[in-house]
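Peer 1: Chains as they are written, first to last, in this note's numbering: chain A, 562 to 694; chain B, 562 to 694. Pasting a structure below so you can have a look.
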DNA sequence: GAAGGGCTGAAAGTGATTTTCACTTTCACA
DNA sequence: TGTGAAAGTGAAAATCACTTTCAGCCCTTC
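Next up, the structure:
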């Protein structure tokens, strides 16, 4: 389905979506970075539109939002398979990590505590390869 | 060691520490809640002192900081054994969950990616027992 | 072609956190 | 016990991310 038709998406939202897509999985953009990029392509676009767009796209599941401790802005990335994130406490880089908590474990925890788990967020912190030494 | 001597801690920081301790593991306080409590015991204490104290205590590893998506203030809890957190998307409650990613897994991931993991944060989201139905 | 809903940008508002600054307290050591 | 340096302090202002509001525009639908 790649860049399949999405006829109902207002063009500004489409633009935002493209920007986040273009950044690729593994890059993580803050709203203001997105705004800057969007503004280049569409001068006159407003801040609020970017926020609204991000919210909408998130609702639609097209992008996902990510809160990383130590970064006070939310960051966005294209939706993709579940994965964890790693943040280097030295250089601040954020890396994707192919890891998800096993479904069996989730089920067990949910059962134990009596709640329903809809999503999980896993973030590691430490030093990346470049800063590790 | 319980409330062991910590001769080097300025008394305001000590106070903050006590407040967070007193809240107990599993309770999660925001800086402004902490400020309010501190202010009762020590009228005249300033906001900045609370923030500074929290920062210091965190550096010392005496308390831990927790960012929960959907809550825009940081929250603090006494340091304790590693555990995950669960946030109910309906009522906003935050629960502790006794879960940590197995050390073996961490080691493997670290090896794979070439970084050193110092800490992990795991947050689940969904509906708590009360809201699940 | 008119009605109505969704979308828009600008600007003001909100609330958490950080910074600044001048003053006070604490501490190590002579 | 005196002394200077370093650390801690509170108030207020600044910053920063984000949200809300509002009046106008555009595009679809009838």
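Every residue, glycine too, gets a C-beta built ideally from N, C-alpha and C. The model shown is predicted, which means the values in this text are computed figures rather than measured ones.
Please return the same chain residues whose Cβ sits closer than 7 Å to the Cβ of residue 692(A), not counting the five positions on each side in sequence.
Peer 2: So the qualifying residues of the chain are 649, 651 and 652.
Peer 1: Verify whether the separation of the beta carbon atoms of residue 639(A) and residue 581(A) is less than 7 Å.
Peer 2: Their beta carbons are under 7 Å apart, which means residue 639(A) touches residue 581(A) by this criterion.
Peer 1: Flag residue 683(B) as yes if its beta-carbon sits less than 7 Å from any beta-carbon of chain A, otherwise no.
Peer 2: It does; some Cβ of chain A falls within 7 Å.
Peer 1: Chain B beta carbons: is any one of them nearer than 7 Å to that of residue 663(A)?
Peer 2: Closer than 7 Å: no.
Peer 1: Spatial neighbours of residue 574(A) within its chain, please: C-beta separation below 7 Å, excluding the five flanking residues on both sides.
Peer 2: Contacts found: 614, 617 and 618.
Peer 1: Just confirm the distance between the C-beta atoms of residue 656(A) and residue 674(B), as a whole number of angstroms; I'd bet it's less than 8 Å.
Peer 2: Correct: roughly 7 Å between the Cβ atoms.
Peer 1: Applying a beta-carbon distance threshold of less than 9 Å, which residues of chain B neighbour residue 652(A)?
Peer 2: Within 9 Å Cβ-Cβ: nothing; residue 652(A) doesn't reach chain B, min ~11 Å.
Peer 1: To test your reading of the DSSP string, which unbroken alpha helix (DSSP H) runs of 4 or more residues are found completely within the stretch 585-641 of chain A?
Peer 2: Counting whole runs of 4 or more residues, the stretch 585-641 of chain A contains the alpha helix (DSSP H) stretches 592-602 and 608-620.
Peer 1: Tell me the rounded alpha-carbon separation between residue 678(A) and residue 611(B).
Peer 2: Their backbone Cα atoms lie some 34 Å apart in a straight line.
Peer 1: Cutting at 8 Å between CB atoms, please list the residues of its own chain near residue 690(B), excluding the five before and the five after it.
Peer 2: Within the same chain, residue 690(B) has no close Cβ partners at all.
Peer 1: Our contact map puts residue 647(A) next to residue 676(B) with C-beta atoms below 8 Å; I'd like the distance itself, whole angstroms only.
Peer 2: Sure, about 6 Å apart at Cβ, within 8 Å.
Peer 1: Provide the residue(s) that pair with residue 686(A) in DSSP beta bridges, ordered along the chain.
Peer 2: Paired residues: 648(A) and 680(B).
Peer 1: Can you say whether residue 688(B) is buried or exposed, counting buried as having 16 or more other CB atoms within 10 angstroms of its CB?
Peer 2: Counting Cβ neighbours within 10 Å, residue 688(B) comes out buried, since at least 16 surround it.
Peer 1: Going along chain B in order, which residues have a C-beta closer than 8 Å to the C-beta of residue 680(A)?
Peer 2: Under the 8 Å cutoff, chain B gives 685, 686 and 687.
Peer 1: Determine, using beta-carbon pairs with one atom in the stretch 656-666 of chain A and one in the stretch 598-607 of chain B, whether at least three such pairs fall under 8 Å.
Peer 2: Too few Cβ pairs lie closer than 8 Å, so no.
Peer 1: Here's the rule: buried if 16 or more other CB atoms are within 10 angstroms of the residue's CB, otherwise exposed. What is residue 642(A)?
Peer 2: Classification of residue 642(A): exposed, given that the 10 Å Cβ count is below 16.
Peer 1: Against chain B, with Cβ distances strictly below 7 Å, would residue 677(A) count as a contact?
Peer 2: Taking Cβ atoms only, chain B reaches closer than 7 Å to residue 677(A), which makes this a yes.
Peer 1: So that I know if they touch, is there some Cβ in chain A lying closer than 7 Å to that of residue 670(B)?
Peer 2: Yes, residue 670(B) counts as interfacial toward chain A.
Peer 1: CA-CA distance, residue 680(B) and residue 628(A)?
Peer 2: Straight-line Cα distance between these residues: approximately 16 Å.
Peer 1: Just to confirm, is the Cβ distance from residue 576(B) to residue 599(B) under 7 Å?
Peer 2: For residue 576(B) and residue 599(B), yes; Cβs fall inside 7 Å.
Peer 1: If residue 637(B) sits next to residue 595(B), beta carbons under 8 Å apart, how far is it from one beta carbon to the other, in whole angstroms?
Peer 2: Right, their Cβ atoms sit about 7 Å apart.
Peer 1: So for residue 662(A), helix, strand or coil by DSSP?
Peer 2: Coil, per DSSP.
Peer 1: Taking DSSP's pairing of strands, which residues face residue 656(A) in a bridge?
Peer 2: Looking at the DSSP assignment, residue 656(A) forms a beta bridge with 647(A).
Peer 1: Nearest to residue 669(A) by CA position, among 660(B), 631(B), 571(B) and 665(B), is which residue?
Peer 2: Minimum Cα distance to residue 669(A) is reached at 660(B).
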